[in-house]
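Engineer: Once you've had a glance at the structure underneath, I'll fire off some questions.
There are 2 protein chains.
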Amino acid sequence: MEKFELHILGCGSALPTTRHFPTSQVLNVRDKLFMIDCGEGAQLQFRKSRLKFSRLNHIFISHLHGDHCFGLPGLVSTLNLLGRTADLHVYSPTGLQKVFGPLMEFFNRQMSYQIIYHEFDAGKPATVYEDRSVTVTTIPLRHRMPCSGFLFAEKPGLRHIVRTAVDFYKVPVYELNRIKAGYDYETPDGTIVPNRLLTTSPDVPRTYAYCSDTAYTPAVAEQVKGVDMLFHEATFAGVDGTRAAETFHTTAGQAAQIARMAGVGRLLIGHYSARYDTDDVLLEEALKVFPNTQAANELACIPVR
Amino acid sequence: MEKFELHILGCGSALPTTRHFPTSQVLNVRDKLFMIDCGEGAQLQFRKSRLKFSRLNHIFISHLHGDHCFGLPGLVSTLNLLGRTADLHVYSPTGLQKVFGPLMEFFNRQMSYQIIYHEFDAGKPATVYEDRSVTVTTIPLRHRMPCSGFLFAEKPGLRHIVRTAVDFYKVPVYELNRIKAGYDYETPDGTIVPNRLLTTSPDVPRTYAYCSDTAYTPAVAEQVKGVDMLFHEATFAGVDGTRAAETFHTTAGQAAQIARMAGVGRLLIGHYSARYDTDDVLLEEALKVFPNTQAANELACIPVR
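From first to last, the protein sequence lines stand for chains E and Y.
According to numbering that gives the first Met the number 0, the first sequence is numbered sequentially starting from 0.
According to numbering that gives the first Met the number 0, the second sequence is numbered sequentially starting from 0.
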């Protein structure tokens, strides 16, 4: 099966700790890399994850807090040093280009490639990216500033060839792509071989949703209903629920409630507050509400399904 | 003896590797922390080095290349989140405030403290900082843009009390600070006890010089003559000498020549190019020219003498 897996580059929150980098992830969809948020150090963690810069063309920024985007200038400069020529697309709520553009230009007098900024209104869901493998839709969140999650929905792949059947009907190689796409095969003597004899169903498309940063927002569950994997911020433990509400963050228990309401396949928590000496307290709290929960950790690579 | 020691936060160059962070160091002078350059991830490494943000009041930036200053926005924001109130002083060649100021302001709408920018002309040596423990003087370097090294010169400390002598002469406690400062003691009956009977010499003041980034520049040796420890960039191996010259960097062998000409106590090399799988080749090259050479490494803490 082609890749649809998540690399965690950082899963801490704004204050640095000795254990976590600020937020950044990379979703590998069939060997195309999609970066989600780009906290300080993201490019270093990207290298440590043995990912290839040349496969990274799209970066999605949830909101304009530093712990979600301060890694951009370094990454952009590195790609320039490497002599990249392909456009780099950056998707974000309104305002990113205005605040980062002058800095990027100062530090990259001669750019070998172009940055294409795609700014969106974080207040409503919109499909901000689409190719033949995947669509990316924004998920409106509630934070102290405009903020969006992202829903990555894989498109159905091609049907799988039944090797014995195509051999039996002597299907020529140049017909295989049409057959994978669902067409029947016509033999030289005019017989129609129906596609269902030659192929099996494509893999079930996979889905991944990223929700950070946000106050507890039950409406989010509607939009991420049934996804294979949900990353939801779990900045605080329940005992710090008041602080969570004040700062428009979510507790681990609330994140698990969202996962349960949405009936997701798996919950991944992260964006841990620096106040906890260990993240176990957050994981344990979530597990009580939603058993299929996992705690994100730096450099983990997690297949979405 | 009071502290005068160097913490290496990062010693790589512009391209990230799995082994090195971009450049940042912290010199601890008698428990005051002076940051030298602030590459991406400096605040994370600062925490890992178990240093205290509250003791950091002065940051010295050598030049406006990203790998020497992209850690500033994150560090500034973290200090703000922590509710810092003390001024933060940032010393740099001309231009830093203009390029970083708007970004810092956008991401820190309410600042709990003030950043005081001290910009200098990198073309000539100047004392840019002085307190009762140390002076910091710029060292003009030759790079692709205005760039300065920094010479940290400790001021002489107080003389050391000879415990048996002050007991013998029954010197009262409130006289000790004057005596440490070099004054004689007058007994109640008017006898003058010369200071040399009561004290020994203060520790010899220590010196540390930081030179990065720079083309091989023999004139630098004049200014760093006899320092206890010299950090000199050694981006390339001798075999890549042409590339070093083109990019205004130094080879490991050239760095060691500067150390030898200057007669320094010890040479510390760093700012390693990403092209080498190991830094041993650079260390070995320098050792042949200047035996007391050490290779910088992340999170090392090196007493200057």
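From the three backbone atoms N, C-alpha and C, an ideal C-beta is built for every residue, glycine too.
Predicted, not measured: the structure shown is a model, and the values here were computed from it.
#1: When burial is assigned at 16 or more other CB atoms within 10 Å of the CB, is valine 203(E) buried or exposed?
#2: Kindly list the residues whose CB is nearer than 7 Å to the CB of valine 192(Y), restricted to its own chain and excluding five residues on each side of it in sequence; keep chain order.
#3: Counting pairs of Cβ atoms below 8 Å between the region 5-23 of chain Y and the region 268-279 of chain Y, do you hit three or more?
#4: Please look up how many angstroms separate the CB atoms of threonine 136(E) and proline 124(E), rounded, as I've assumed it's under 8 Å.
#5: Between Ser61(Y), Gly65(Y), Pro72(Y) and Ser53(Y), which has its C-alpha nearest threonine 84(Y)'s C-alpha?
#6: By DSSP's criteria, methionine 228(Y) is part of a beta bridge. Which residues make up the other side?
#7: Does the CB of phenylalanine 20(Y) have a neighbour CB from chain E at under 8 Å?
#8: For arginine 46(Y), I'd like the list of residues in its chain whose CB is within less than 7 Å of its CB, leaving aside the five on either flank, ordered along the chain.
#9: In three-state terms, what does DSSP make of lysine 31(Y)?
#10: Between glutamine 42(E) and the rest of its own chain, which residues show a CB-CB distance below 8 Å, the 5 nearest in sequence each way excluded?
#11: Taking Cβ-Cβ distances shorter than 8 Å, what residues in chain Y pair up with alanine 243(E)?
#12: DSSP state of threonine 246(Y), grouped into three classes?
#13: Check whether the region 204-220 of chain Y and the region 237-255 of chain Y are in contact - that is, three or more C-beta pairs closer than 8 Å.
#14: Just to check, is the beta-carbon of serine 91(E) closer than 7 Å to a non-hydrogen atom of the ligand FAD?
#15: Determine the DSSP secondary structure at proline 187(E), reduced to helix, strand or coil.
#16: Name the chain E residues that come within less than 9 Å of valine 98(Y), Cβ to Cβ?
#17: Quick check on the burial criterion: 16 or more other C-beta atoms within 10 angstroms. Buried or exposed for tyrosine 207(Y)?
#18: Which value, in whole angstroms, describes the spacing of the CA atoms of arginine 253(Y) and leucine 32(Y)?
#19: Output needed in chain order: residues of the region 68-81 of chain E with a Cβ under 8 Å from some Cβ in chain Y.
#20: If we ignore side chains and look at the alpha-carbon of each, how far apart do proline 290(Y) and serine 211(Y) end up?
#21: List, in order along the chain, the chain Y residues whose C-beta lies closer than 8 Å to that of arginine 46(E)?
#22: Closer than 7 Å, Cβ to Cβ, to anything on chain E: give me those residues from the region 28-42 of chain Y, in chain order.
#23: With valine 280(Y) as the anchor, note down where its alpha helix (DSSP H) starts and where it stops.
#24: Cβ of glycine 65(E) less than 8 Å from any chain B Cβ?
#25: Suppose you measure from the CA of threonine 22(Y) to the CA of alanine 220(E); what does that come to, to the nearest Å?
#26: Taking the continuous beta strand (DSSP E) assigned at alanine 294(Y), which residues delimit it?
#27: How should leucine 150(E) be labelled, buried or exposed, when 16 other C-beta atoms within 10 angstroms of its C-beta is the threshold for buried?
#28: For the region 124-182 of chain E, which segments carrying the beta strand (DSSP E) assignment without a break, of at least 3 residues, lie completely within its bounds, in sequence order?
#29: On the criterion of 16 or more Cβ atoms from any shown chain inside 10 Å, does methionine 34(Y) qualify as buried, or is it exposed?
#30: Please classify alanine 243(Y): is it buried, with 16 or more other beta-carbons within 10 angstroms of its beta-carbon, or exposed?
#31: Would you report the Cα separation of asparagine 27(E) and alanine 255(E), rounded to the nearest angstrom?
#32: In terms of residue numbering, what span does the beta strand (DSSP E) encompassing valine 219(E) cover?
#33: Under a three-way DSSP split, which group does glycine 11(Y) fall into?
#34: When you compare the CB positions of serine 147(Y) and isoleucine 138(Y), do they come within less than 8 Å of one another, or not?
Structural biologist: A quick look at the data gives this:
#1: Position 204 of the first sequence, counted from the start, is the residue given in the question as residue 203(E). Counting other Cβ atoms within 10 Å of its Cβ, valine 203(E) stays below 16 and is therefore classed as exposed.
#2: In the second sequence, the residue the question calls residue 192(Y) occupies position 193. Taken in chain order, the residues that qualify are Tyr168, Asp183, Tyr184 and Thr186.
#3: With the rule of 3 Cβ pairs closer than 8 Å, the region 5-23 of chain Y counts as touching the region 268-279 of chain Y.
#4: Your numbering for residue 136(E) matches position 137 in the first sequence. Your numbering for residue 124(E) matches position 125 in the first sequence. Right, their Cβ atoms sit about 6 Å apart.
#5: The count along the second sequence starts at 1 and reaches residue 84(Y) at position 85. The candidate whose alpha carbon is nearest that of threonine 84(Y) is Ser53(Y).
#6: Along the second sequence, read from residue 1 onward, the residue named residue 228(Y) stands at position 229. Bridge partners of methionine 228(Y): Tyr207(Y) and Arg265(Y).
#7: The count along the second sequence starts at 1 and reaches residue 20(Y) at position 21. For phenylalanine 20(Y), at least one C-beta of chain E is nearer than 8 Å to its own C-beta.
#8: Translated into positions along the second sequence, residue 46(Y) becomes position 47. Excluding sequence neighbours, arginine 46(Y) sits near nothing in its chain.
#9: Counting from one through the second sequence, the residue named residue 31(Y) turns up at place 32. Three-state DSSP puts lysine 31(Y) in a strand.
#10: Residue mapping note: residue 42(E) aligns to position 43 of the first sequence, counting from 1. Contacts found: Gly70, Gly73, Leu74 and Thr77.
#11: Walking along the first sequence from the start, residue 243(E) turns up at place 244. Neighbours of alanine 243(E) across chain Y, judged by C-beta separation under 8 Å, do not exist; the nearest C-beta is about 16 Å away.
#12: Counting from one through the second sequence, the residue named residue 246(Y) turns up at place 247. Here threonine 246(Y) sits in coil by DSSP.
#13: Using a C-beta cut-off of 8 Å, the region 204-220 of chain Y makes contact with the region 237-255 of chain Y, since at least three inter-stretch Cβ pairs fall below that distance.
#14: Although the ligand FAD was asked about, the structure shown includes no ligands whatsoever.
#15: Residue mapping note: residue 187(E) aligns to position 188 of the first sequence, counting from 1. DSSP places proline 187(E) in coil when its eight states are reduced to three.
#16: In the second sequence, the residue the question calls residue 98(Y) occupies position 99. By Cβ distance, chain E contributes Pro101, Leu102, Phe105 and Phe106.
#17: By one-based count along the second sequence, residue 207(Y) stands at place 208. Buried.
#18: In the second sequence, the residue the question calls residue 253(Y) occupies position 254. In the second sequence, the residue the question calls residue 32(Y) occupies position 33. Reading the sequence as shown, one finds glutamine at residue 253(Y) and not arginine. Roughly 30 Å between the two C-alpha positions.
#19: Cβ contacts with chain Y come from Phe69, Gly70, Pro72, Gly73, Ser76, Thr77, Leu80 and Leu81.
#20: Taking the first residue of the second sequence as position 1, residue 290(Y) is located at position 291. Taking the first residue of the second sequence as position 1, residue 211(Y) is located at position 212. C-alpha separation (whole angstroms): 21 Å.
#21: One-based indexing of the first sequence puts residue 46(E) at position 47. Result: Pro15, Thr16 and Thr17.
#22: Against chain E - using a Cβ distance shorter than 7 Å - the residues of the region 28-42 of chain Y are Glu39, Gly40 and Gln42.
#23: On the second sequence, residue 280(Y) is found 281 positions in, with the first residue counted as 1. In the DSSP assignment, valine 280(Y) falls within the unbroken alpha helix (DSSP H) covering 279-288.
#24: As a matter of chain content, chain B is missing from the structure shown, whose protein chains are E and Y.
#25: Taking the second sequence and counting its residues from 1, one reaches residue 22(Y) at position 23. Taking the first sequence and counting its residues from 1, one reaches residue 220(E) at position 221. Computed Cα separation, rounded: 44 Å.
#26: Counting from 1 along the second sequence, the entry for residue 294(Y) is found at position 295. In the DSSP annotation of this structure, the continuous segment of the beta strand (DSSP E) that includes alanine 294(Y) starts and ends at 292-294.
#27: Here residue 150(E) corresponds to residue number 151 of the first sequence, with the count starting at 1. Counting Cβ neighbours within 10 Å, leucine 150(E) comes out buried, since at least 16 surround it.
#28: Runs found: 126-129, 133-139 and 147-153.
#29: Position 35 of the second sequence, counted from the start, is the residue given in the question as residue 34(Y). Buried.
#30: Taking the second sequence and counting its residues from 1, the one referred to as residue 243(Y) is at position 244. It is buried - the Cβ of alanine 243(Y) has at least 16 other Cβ atoms within 10 Å.
#31: Counted from its first residue, the first sequence places residue 27(E) at position 28. Counted from its first residue, the first sequence places residue 255(E) at position 256. Straight through space, the alpha carbons of alanine 255(E) and asparagine 27(E) are spaced by roughly 25 Å.
#32: Here residue 219(E) refers to the residue found at position 220 of the first sequence. Looking at the DSSP string, valine 219(E) is not in any beta strand (DSSP E); the run it does join, the alpha helix (DSSP H), is 218-222.
#33: Start at 1 with the first residue of the second sequence, and residue 11(Y) comes out as number 12. In this structure, glycine 11(Y) counts as strand in the three-state DSSP scheme.
#34: For the purposes of this step, residue 147(Y) is taken as the residue at position 148 of the second sequence. For the purposes of this step, residue 138(Y) is taken as the residue at position 139 of the second sequence. Taking 8 Å as the cut-off, the beta carbon of serine 147(Y) is found closer than this to the beta carbon of isoleucine 138(Y).
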